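Below is one structure, written out as structure tokens; the observations come after it.
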Amino acid sequence: MMNFSSTVRSWAARIFALLSLVWVAACDVPVSSTGGNTGARIDPSQPVQVALLVPGGSAKESDNILAQNLENAARLAMADLSGVTVDLRVYNTAGSPAQAAAVATQAVNDGAKVILGPLYAEAANAAGVAVAGRNVNVLAFSNNASIAGNNVFILGATFQNTANRLVSYAARQGRRNVAVVYGEDLQGSVGRDATANAARNAGVALSTVQSYGMSQQAIISAAGPIANAIKSSGADAVVLTGGINADLPIIATGLSEQGVDSSSFVGLTRWDAAGQAVSLPGLQNGIFAVPDTNMMNLFESRYTQAYGSAPHPLAGLAFDGIAAIGALAAGGDANALTRNSLTKTQGFEGTQGVFRLLPNGTNERALAIAQIQNNQVVILEPAPRSFAGFGF
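Shown next as structure tokens:
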């Protein structure tokens, strides 16, 4: 067996079971097609009725905390609006698809012209199906692209957006052969497919695709064969789909100890999400993507000042949704919340930089390229401030 670092082994054993909140499997039933669904018309002379669906009322305390954070962020965004008033009504889904569908229907019955949320993919899918025939759009907090489309737009950051940015950057740096190393779970398979799409878009070769089982021992055992496959393929960029609080530290350390240069690593997840990760030898000189840090810091500072504590990492999605709705409605157009308006190409200013909703229901967010250098995160290329900038 490889000489696996005892520090990393101990750390991995403690955190391997942690999972990201946003990577939740979609419901087996896709959002049904409604043909002419475009979105509800509004009366520009009246407040815009917005339904906020949050996971409040759940048996999980973490859901209830997040629900309050999402509502707080939405109200913070409302204070910034000019030329428009939002009538925000909050509905609890308890994280349940059935309840999400019921309250989405209730919200439209109450007069909602657009739905913001819910969080989990199955709940968002259910809400979209429930109101699809009512000509109401849903701006969900999920990042699961499989539920996007029709009347459902997702606000969460997607692997496809991140992969496009990173692979495009790598290609401009002369890296023309990309390997993908992914975990055998939902996040891994989505990351694998996103990287393959990004490679095609950037005109670079996909030299090898390697997977590992989702247990500590499975990753350790797979590291050697995967490293050999990478080296024999001639890959000069190795995309890792793993999460920093799960499989990434183990696979990155294993590959590095098997002779794969960590400077070739390209991460689809936020490597800076765990402070101790930046000191891992297996991640040194690798690159990953981060949002516009200036905008993110500004939002966190404002939220903390307003509510006395730092926001949940997902709270900014609610702020972004209200900001987009407000920016569109302020123009006085009765069609402000229709598909054509929501997908305007110039996009919106958000808590993590500029973003825009795409006709397929997913989104594109401006991202910076970061690198770990000497145990610190360094920005190599800043996030574009508009969609006319580089990286898109």
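Numbers given in our numbering equal positions in the sequence shown, counted from 1, plus 2.
Ideal placement from N, C-alpha and C gives every residue a C-beta, glycine not left out.
For clarity, every value in this text was computed on a predicted model and none was experimentally measured.
By the 10 Å Cβ neighbour count, where 16 or more other Cβ atoms means buried, how is Gln286 classified, buried or exposed? That one is buried.
Assigned secondary structure, Phe301 (DSSP; H/G/I helix, E/B strand, else coil): helix
Nearest-angstrom Cα distance between Asn94 and Ser265? 45 angstroms
How should Leu300 be labelled, buried or exposed, when 16 other C-beta atoms within 10 angstroms of its C-beta is the threshold for buried? exposed
Buried or exposed for Leu382, please, with buried defined as at least 16 other CB atoms from any protein chain shown within 10 angstroms of its CB. exposed
Quick test of the definition: if touching needs 3 or more C-beta pairs under 8 angstroms, does the segment 223-239 touch the segment 326-340? no
Taking the alpha carbon of Leu121 as the point to measure from, which residue in Ala254, Thr197 and Ala69 has its own alpha carbon closest? Just measuring C-alpha positions, the residue of Ala254, Thr197 and Ala69 sitting nearest Leu121 is Ala69.
Take the Cβ of Phe321 as the centre, count every other Cβ of all protein chains shown within 10 Å, and call the residue buried at 16 or more, exposed below. buried
Find out if the Cβ-Cβ distance for the pair Ala291, Leu168 is shorter than 8 angstroms. yes
Residue from Ala332, Leu282 and Ala114 with nearest C-alpha to Val86: Ala332
Assuming Asp294 is part of the alpha helix (DSSP H), what are its boundary residues? Asp294 -> no alpha helix (DSSP H), and no H or E assigned at all.
Extent of the continuous beta strand (DSSP E) to which Phe155 belongs: Its beta strand (DSSP E) spans residues Val154 to Ile156.
Classify Arg367 as helix, strand or coil using the three-state DSSP reduction. strand
Taking only three categories from DSSP, how would you classify Phe321? In the structure shown, the three-state DSSP call for Phe321 is helix.
Taking contact to mean 3 or more Cβ pairs, one atom from each stretch, closer than 8 angstroms, check whether the segment 137-146 and the segment 216-234 are in contact. In short, these stretches do not touch, since the Cβ pair count stays below three.
Taking the DSSP output, what are the residues bridged to Leu208? According to DSSP, Leu208 bridges with Val180.
So the candidates are Val116, Gly97 and Asn296; which of them puts its Cα closest to the Cα of Pro57? The shortest Cα separation from Pro57 among Val116, Gly97 and Asn296 belongs to Gly97.
Ala142: first and last residue of the uninterrupted beta strand (DSSP E) it sits in: Asn139 to Ala142
How far does the alpha helix (DSSP H) with Phe161 in it extend, from its first residue to its last? Phe161 to Arg174
Residues bridged to Asn94 (per DSSP): Note: Asn94 sits in a beta bridge opposite Val56.
Does Arg341 come out as helix, strand or coil in the three-state DSSP assignment? helix
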